[in-house]
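J.: Take a look at this one; I'll ask things after.
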Amino acid sequence: MVVTLFKDNLSLEGERVRLLPASLEHLDGLFKASYHSDIWTYSPSIINNQDDLHTTMRNWIMSKEQGLRYPFVIIDKSSNEIVGSTSYMEISLQNRKLEIGGTWLDPKVWRTRINTECKFLLLKHGFEKLNLVRIQFRTDSRNERSIRAILRIGAQFEGVLRQDMIMPDGYLRNSNLYSILNTEWEDVKTRLERYMKKEEIN
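So in UniProt numbering the end of the sequence shown lands on 202, straight run, no missing numbers.
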């Protein structure tokens, strides 16, 4: 049943990363990982200081209690350090769908296996354990790096959500929408496993 998504102890683990439910005990590690302005160029939220992070965590907890989001911290197993965060969000149990989003990583682990493995773990759990029929992704239509990463895993472009979000500077953001369906998962799974094997060798 999809409802198992909301167990407080839901964690996912791969060869390189461990995804743990985000909580107040992770604040220091999250702040250390988030203290890079490059992370927030296209983000609808910005963490500039501890107050910003406390506000973000309170919002995460509130959304989790409402069944709308399940936030994770990303642990790099090679260093045992927090290197970012990602979430299940826009959760619709009755329609067996959700969004993987709110993802950010410390620049020191950009272009490593970590992001690929995070997506693999979240997609695998979503389709194989939660019995979802659809998982979607959104990104700023200007964010070419994120667009390439989403297309690389095999998600299908569906269109542009015009003026989808108001950014911190007042900019009206258009968001590109992508999705993977349960009928496409096996092909995407094979693709991600191949990428991870290659990235591990490199």
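Note that the Cβ used here is the ideal one computed from N, Cα and C, for glycine as well. Treat the numbers as computed from the prediction; the structure is a model and nothing was measured.
Kindly indicate which three-state DSSP category residue 111 falls into: helix, strand or coil?
T.: Your numbering for residue 111 matches position 111 in the sequence shown. DSSP places residue 111 in coil when its eight states are reduced to three.
J.: Three Cβ pairs or more, each shorter than 8 Å: is that satisfied between the region 30-45 and the region 130-150?
T.: With a cut-off of 8 Å, the region 130-150 and the region 30-45 count as touching, because enough Cβ pairs lie within range.
J.: Exposed or buried, what is residue 4 when buried is set at 16 or more other beta-carbons lying within 10 Å of its beta-carbon?
T.: By 1-based counting over the sequence shown, the position of residue 4 is 4. Caution is warranted here: a pLDDT of 45 is assigned to residue 4, below 50, making its placement in the model unreliable, and no coordinate value can be reported.
J.: Under the rule that 16 or more other beta-carbon atoms within 10 Å means buried, what is residue 72, buried or exposed?
T.: Taking the sequence shown and counting its residues from 1, the one referred to as residue 72 is at position 72. That one is buried.
J.: Just to confirm my understanding: we take residue 106, look at its own chain, exclude 5 residues before and 5 after, and list those with CB closer than 7 Å. What are they?
T.: One-based indexing of the sequence shown puts residue 106 at position 106. Counting only Cβ-Cβ distances below 7 Å, and skipping sequence neighbours, we find 33, 36, 83, 84.
J.: Three-state secondary structure (DSSP) at residue 103?
T.: Reading the sequence shown from its first residue, position 103 is the one you call residue 103. Strand, per DSSP.
J.: With DSSP as the reference, identify every bridge partner of residue 28, one or two as the case may be.
T.: Against the sequence shown, residue 28 aligns to sequence position 28. None; residue 28 has no bridge partner.
J.: Residues in the same chain with beta-carbon distance under 7 Å from residue 101, minus the five sequence neighbours each way, listed in chain order, please.
T.: The residue given as residue 101 occupies position 101 in the sequence shown. Around residue 101: 87, 89, 137, 138.
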